[in-house]
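Here is the structure we will look at.
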Amino acid sequence: MTEDSRAAGAPNSGASASILAPPRVRIRGLTKRYGGILANDGVDLEIPRGGIHAIVGENGAGKTTLMRALYGLVEPDSGVIELDGVPVRIATPAQAIARGIGMVHQRFELVEQLSALENLALGDLPHRGLMFDRNAAVVRAREIAAQLGTTMDWDRLVAHLTVGARQRLEIMRLLYRDADILIFDEPTSVLTPQEADDLFGVLRRMAGQGKTIIFITHKLREVFAIAEQVTVMRRGRVVASLPTKGSDPQRLATLIVGEQFASPVRATTIPPGKPVLEVDRLSICDDLGNLTLRQASFSIHAGEIVGLAGIEGSGQRELVEALVGLRRPVTGTINLRGRPVVTASVWERRKRGVAYISEDRDAEGACLPASLAENIFSIERDNPTLARGGRLNLAAIARFARSILSRFDVRGGGPQSPARALSGGNLQRLVLGREMQRTPTLLIAAHPTRGVDVRGITFIHQQLAESRAGGAAMLLISEELGELIELSDRLLVIFEGRITANLAAGEATPERLGLLMTGAA
Amino acid sequence: MGGLVNRQGGIVNIGLEPMMLVGAFTAVVVSAQSGNPFLGVLAATVAGALLGLLFSWSITRLGANEIVAGLGLNLLVLGFFGYLLPTAFKIEGTLLPAGLVGLPKVEIPLVNQIPGLGPILSGHDILTYLSWLSVPLVSVFLYRTPLGIELRATGANEEAARAAGVPTLRLRDFSTVVAGAFSGLAGAQLSLGVVTLFNKQMTGGRGFIALAAFYFGDARPALTALGAVIFGVFEAAGFRLGSSGVPSQLVQMLPYLVVVISLTLVAVRRELRVRERARAAAA
Amino acid sequence: MSQVTAETGIPVAGQETIAPSRGLQLLRPLQLAGPFVVALIVGAIVLAASGRDAAGTYWLLLQQSLGGPTEIANTLVAATPVLLTGLATAIAFRSGMFNVGVEGSLYVGAFAAAWAGFTLTRLPGPIVILVAVVLAGLAGAVWALIPGILRAQWRVDEVVTTLMLNYVAILLTSWLVNYFFLAPDIANSMSPLIASDARLAPLLPRSQLTIAFLLALVVTLLYAYLFNRATIGYQLRMTGLNPRFARAVGINLGRSIIVVFLLSGLIGGFAGGLQILGVNYRFIDHFSPGYGFTGIAVALLGRGHPAGILLSALFFGALSNGGAMIQLFSDIPLDLINILQGVVMIFAVIELSRLPACLTRCSGCWRPPRRPRPPSCSPPWVAWSTARVASSISGWNR
């Protein structure tokens, strides 16, 4: 496959010529320091022309910083960037674009209030005289879409596009600007499995057209699925750069974490206890009054993990919010240990043992500007040793926070540091610690490992398993089918707001779930 | 319209009022010195634009908070004229220099013959017509030109626009300069068109009514113009009713109450509609 | 400090995620004092340009605001209402609610206190004072509750409603005074005087410094306690920092909103009531020169911090007291004070440290946009309301 795409990408130069030519991108000794932390520590990297090059590493390994430096969003402290052997200075994205470098960010950089077409052409709008030449833009847009083998409703506002469509639009924007080095920063983290497959198709097609694609990820499966070459980063340094052929996930995982790690906890079957959560014919609307969950009925027992599989946007979010108490259902009942809670407030439910790991860690799971202690105290307001008679015991709160931080191995700050200072993985440990501390009877865990590195994932899985062994009932939502199958005792599948399947752990395979999630079975 | 361009460019400009004042003052002084009102208008535009540029720089380049800086600008300019008039011109209140020439009224032939509508549509100074014309012009600018599209992108999502290579800083400066120029024109219209004098109270909160108008209009040109007209009507209605025995305070209160009530109604209707839809969907 | 700035959305110079270099750290105290220094320089230029002795004028200003016990007392008197309105505003800001309606609470509070003062003339003085203060607080709280309930129940944007209700309150009290409670024999729109023993007694002879200032200090301490030590204050602070987070951990947002508006209105009402009992002794139509609006400036310049609020209230008090005196003693217009205030505000938010970089290389001074404002207040309306605020401070609307 490597040879194929190279040959297709550079028809004029033979394979031998491409070896002699300088690499498309060469980074030498690039260093970037944030405060006391070395994000990039003398990074050397060579990326040949054409093909797909993966960069993997834990959270905070420096992948994104490196790519942002290449794209002119980060000014390196030292180091040289060469394109085709020529040293260049890239101080702004505009300069990067001018040199044919484009980047698709984790968070899309689209202007929602503009149409797809306007977004496509933004920064280089064709014009006739003073006026925007819409027709020229449309012609160009159709060309690019055809090149990728996809379509787009060009007059639609971006605000109304699906996530997958937005990502395709981002890619087309790069092509519109004639980028031939395309950087993707964890592009699949927001996609459904189907959309991810579509994306891989597009990437292969572009690689086949001679583009150089740099693909940042921490999903090893994806590395082996599409990349020919992979660079492993750890703590700001490049630790290895090797072809995927002849390597295997285990070896790569070792390189990433720098040590052997225990294989994930295998759920041992424990006979489930009494029902903790009983949901009966629950229907829920979103903010606009659209019915997003229809007549859902299920129950979760003590000591049982129930996984909820489904394409994002199938009603999971509304279900979670209704269970936690953030959203009032339209009809139906929710019983917690036999008592109805459908009208109970979030706080009442929390006092009855509901814990909640939000899928949106930065905006809902934690309060970034507040201190770690304040984040931890948030659900301990009824703890008499921390607050009594409406008065906070600041010393006790700090002590309490310190104990949680050490118990859950949260690194990167003390009780008084702002939560903003923590990396994603550490922040998730903090959230987990906060929620686990109260030994919940019902834990709602929405995407608990999203954006967390390998080591953190193992830790979180262990914690969830421990909590289950302690008798907690758990609803687990994840886009990682492997994780769902690994951890769950039972799996529910949600499709277009309906719960369409209820499988025992043994019956669920990724293939079967995939079919159910897409409504194909 | 100026504020609208500015808002679309991502700066909330509460400095419209001082820019109007500066425009009004410059128009009066230049017009009186030169004897040519059009020169005064030109100078007012330039002065407004310059003040806009300075204001914009403090925000885009020096990281100032637009609201506080705008508040400061309001105080500063008002204080400046309050200080300047008595000390430099030796007058309290109103400046009416000798040789001041106002803008001529323009009668549109034929239109001024239409009964009823004639006096409404005709017989204004040229700046009034210009302000009407600015509605479609700004509309075309924002939605049909590359510059306008980039400006809207900057206002809606500056980071995204910058990442796409749009010079967002310069665009924001540009939008504030446009706002300043429009405000300068508005000031000139007040001091040379409506009346022919300058005092520091003459703008009477119009810069803020303009803000109200373009929020009313959701920063869209046509709706904003409508909002401006509605606010104008309120102002006029306040004057009329006040002289007919109804307590003037209650009449003046009306616009404020109307805003509160209409906002509440909009919100209540929004909530009810969602609930209604939910109920219908569940059924 | 960083929290405060997150809530008010006001950037603080030197507060960056990247640790500032040593040189910048040395600049910091200079930056904090910077606005005042710059204002004085600008003022001096203006004075000099109009042929006046700048140093002498400043000396006079200083003397008139801080030069002796009486002068200091008068400065404290002038600082009292803006300290209270500043606190009232800051409570809301820190809780993520943009209550710009303190002026309205102040008016209804003042009217309620005056009404008690001139109606309950038979009761003994201390009781009248107590009743008047309580009524003032209640009236202010009830007034603030209107937008609070609208916000909590129907999600009506509070910025607009509080702002509009200011003008409604001003006009409503004006109507009440002019049509129902006009003082006999006086044509100007004033209510009768309050009972003489309902006046707050001066703490110093020949001044209007009363217990009101001490009460304002107590409120400042309570404010500090609320946000640093009290559970309810913690909940309000989290609501202000991140309402979604607050909801998810079980903080009742509706209740937070109501509590905030009640407290904010209560303090605003106190401000009005104390002003009547201690300074004016009667309700006068349009009596406030914009105390509620200056309170917004005080809260912003004080960055929500209790000591900062106290200091900026004292500063604004000194300016208005000294400025008024200067106008009496010389022919320098009071507007000079406006110039100084304006310059202070602009330079309080400008990051001077960026200036050199900007002068040399303009592309270098771009920084990512600051963190978003609390989602509870939509920026457009914030802007508009503050615009109205600005216009009102300067008396443009009348």
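For the protein sequence lines, the chains are U, Z and F, in the order given. Number 521 marks the last residue of the first sequence (this note's numbering); no jumps. Number 1283 marks the last residue of the second sequence (this note's numbering); no jumps. Number 2398 marks the last residue of the third sequence (this note's numbering); no jumps. Built from N, CA and C at the ideal position, the CB exists for glycine as well.
(request) For Q2064(F), return the contacting residues in chain Z, with the cut-off set at a CB-CB distance below 9 Å. (result) Per Cβ cutoff of 9 Å: no residues; Q2064(F) is ~18 Å from chain Z at best.
(request) List the endpoints of the continuous beta strand (DSSP E) containing M233(U). (result) For M233(U), the uninterrupted beta strand (DSSP E) segment begins and ends at Q229 to R234.
(request) Put G506(U) into one of helix, strand or coil per three-state DSSP. (result) DSSP places G506(U) within a helical segment (H, G or I) once states are collapsed to three.
(request) Would you mind working out which of A401(U), R49(U), E143(U) and R434(U) sits nearest G353(U), comparing C-alpha positions? (result) Closest by alpha carbon: R434(U).
(request) May I ask you to list the residues that DSSP assigns as paired with N40(U)? (result) The bridge partners DSSP lists for N40(U) are K32(U).
(request) Can you tell me the Cβ-Cβ gap for V342(U) and P329(U), rounded? I've got them flagged as a contact below 8 Å. (result) So it is a contact: roughly 6 Å between Cβ atoms.
(request) Report the three-state DSSP secondary structure of L2026(F) (helix, strand or coil). (result) Note on L2026(F): pLDDT 44, under 50, position unreliable in the model; no value is reported.
(request) Please list, in chain order, all residues of the same chain as V2037(F) whose beta carbon is under 7 Å from its beta carbon, the five residues on each side excluded. (result) Closer than 7 Å at the Cβ level, and outside the excluded window around V2037(F), lies no residue.
(message) For the segment 184-206 of chain U, list every residue whose C-beta sits within 9 Å of some C-beta in chain Z, in sequence order.
(response) Listed by position, the residues of the segment 184-206 of chain U near chain Z (Cβ gap below 9 Å) amount to none.
(message) With a threshold of 8 Å, are at least 3 pairs of Cβ atoms found where one atom belongs to the segment 2139-2149 of chain F and the other to the segment 2250-2270 of chain F?
(response) Using a C-beta cut-off of 8 Å, the segment 2139-2149 of chain F makes contact with the segment 2250-2270 of chain F, since at least three inter-stretch Cβ pairs fall below that distance.
(request) Kindly indicate if chain Z contains any beta-carbon less than 8 Å away from that of T2161(F). (result) Contact of T2161(F) with chain Z is assigned, a C-beta pair being separated by under 8 Å.
(request) Report the rounded CA-to-CA distance for N383(U) versus L392(U), giving the unit in angstroms. (result) The C-alpha of L392(U) is placed about 10 Å away from the C-alpha of N383(U).
(request) Using a cut-off of 9 Å between C-beta atoms, extract the partners of R1172(Z) located in chain U. (result) Result: empty, since nearest Cβ-Cβ is about 15 Å, beyond 9 Å.
(request) Run down chain F in chain order and give the residues with a C-beta less than 8 Å from the C-beta of V324(U). (result) Within chain F, the residues near V324(U) are A2248.
(request) Can you tell me which of V2344(F), N2338(F) and F2347(F) puts its alpha carbon nearest to the alpha carbon of V1077(Z)? (result) The shortest C-alpha separation from V1077(Z) is found at N2338(F).
(request) Starting from T2231(F), find everything on chain U with Cβ-Cβ shorter than 8 Å and list it in chain order. (result) Against T2231(F), the close residues of chain U are R381, A387, G390, R391 and L392, in the order they occur along the chain (beta-carbon pairs closer than 8 Å).
(request) Select from R68(U), L252(U) and R221(U) the residue whose C-alpha is nearest the C-alpha of R234(U). (result) That would be L252(U), whose Cα lies nearest to the Cα of R234(U).
(message) At the level of alpha carbons, what is the spacing between L2053(F) and P2289(F)?
(response) The sequence as given places Asp at residue 2053(F); Leu does not occur at that position. Going from the Cα of D2053(F) to the Cα of P2289(F) covers about 29 Å.
(request) Taking S78(U) as part of the beta strand (DSSP E), name the residues at either end of that continuous run. (result) S78 to L83 is the extent of the beta strand (DSSP E) around S78(U).
(request) Would you list the residues sitting across from A2271(F) in a DSSP beta bridge? (result) Beta-bridge partners assigned by DSSP to A2271(F): none are found.
(message) At the level of alpha carbons, what is the spacing between G506(U) and M2238(F)?
(response) Going from the Cα of G506(U) to the Cα of M2238(F) covers about 44 Å.
(request) Measure the C-alpha to C-alpha separation of T2075(F) and L2215(F) and round it to an integer number of angstroms. (result) The alpha-carbon atoms of T2075(F) and L2215(F) are separated by roughly 16 Å.
(request) With 9 Å as the limit, tell me which residues of the segment 109-125 of chain U have their beta carbon closer than that to any beta carbon of chain Z; keep them in chain order. (result) Within the segment 109-125 of chain U, the residues whose Cβ lies closer than 9 Å to some Cβ of chain Z are E109, L110, V111, E112, Q113, L114, E118, N119, A121, L122, G123, D124 and L125, listed in chain order.
(message) Does chain U have any CB closer than 8 Å to the CB of E1271(Z)?
(response) Answer no: the Cβ-Cβ gap between E1271(Z) and chain U never drops below 8 Å.
(request) Output the distance between the C-alpha atoms of M2001(F) and R134(U), rounded to the nearest integer angstrom. (result) With a pLDDT of 32 at M2001(F), under the threshold of 50, the modelled position of that residue is not reliable, and the figure given next carries that caveat. Rounded to the nearest whole angstrom, the C-alpha separation of M2001(F) and R134(U) is 49 Å.
(message) One question on the structure: do M517(U) and G310(U) come within less than 8 Å of each other, judged by their Cβ atoms?
(response) At a Cβ-Cβ threshold of 8 Å, M517(U) and G310(U) count as neighbours.
(request) Mind listing the chain Z neighbours of R2244(F)? Cutoff is C-beta to C-beta under 8 Å, in chain order. (result) The contacting residues do not exist; R2244(F) stays about 19 Å from chain Z at best.
(request) State yes or no: is the beta carbon of G310(U) nearer than 8 Å to at least one beta carbon in chain Z? (result) Chain Z, which has no Cβ nearer than 8 Å to the Cβ of G310(U), makes this no.
(request) Could you tell me which chain Z residues have their CB closer than 8 Å to the CB of I2041(F), listed as they occur along the chain? (result) Result: empty, since nearest Cβ-Cβ is about 14 Å, beyond 8 Å.
(message) Would the segment 108-115 of chain U count as touching the segment 1149-1159 of chain Z if we require 3 or more Cβ pairs under 8 Å?
(response) At 8 Å Cβ cutoff, the stretches touch.
(message) Assess contact between the segment 2061-2074 of chain F and the segment 2200-2208 of chain F, defined as three or more Cβ pairs (one per stretch) separated by less than 8 Å. Is contact present?
(response) Three or more Cβ pairs drawn from the segment 2061-2074 of chain F and the segment 2200-2208 of chain F lie within less than 8 Å of each other, which places the two stretches in contact.
(message) Considering Cα atoms alone, identify which of G338(U), T150(U) and L492(U) is closest to L308(U).
(response) Restricting attention to G338(U), T150(U) and L492(U), the CA atom closest to the CA of L308(U) is found in L492(U).
(message) Helix, strand or coil, according to DSSP, for M206(U) in the structure here?
(response) Of the three classes helix, strand and coil, the one that applies to M206(U) here is helix, per DSSP.
(request) Could you name the residues of the segment 2318-2345 of chain F whose beta carbon sits closer than 9 Å to any beta carbon of chain Z, in the order they occur along the chain? (result) Flagged, chain order: D2331, I2332, P2333, L2334, D2335, L2336, I2337, N2338, I2339, L2340, Q2341, G2342, V2343, V2344 and M2345.
(message) Pull the bridge partners of H301(U) from the DSSP assignment, please.
(response) Bridge pairing for H301(U): P275(U) [DSSP].
(request) For P1146(Z), return the contacting residues in chain U, with the cut-off set at a CB-CB distance below 7 Å. (result) Residues of chain U with a Cβ closer than 7 Å to the Cβ of P1146(Z) are, in chain order, L125, H127 and F132.
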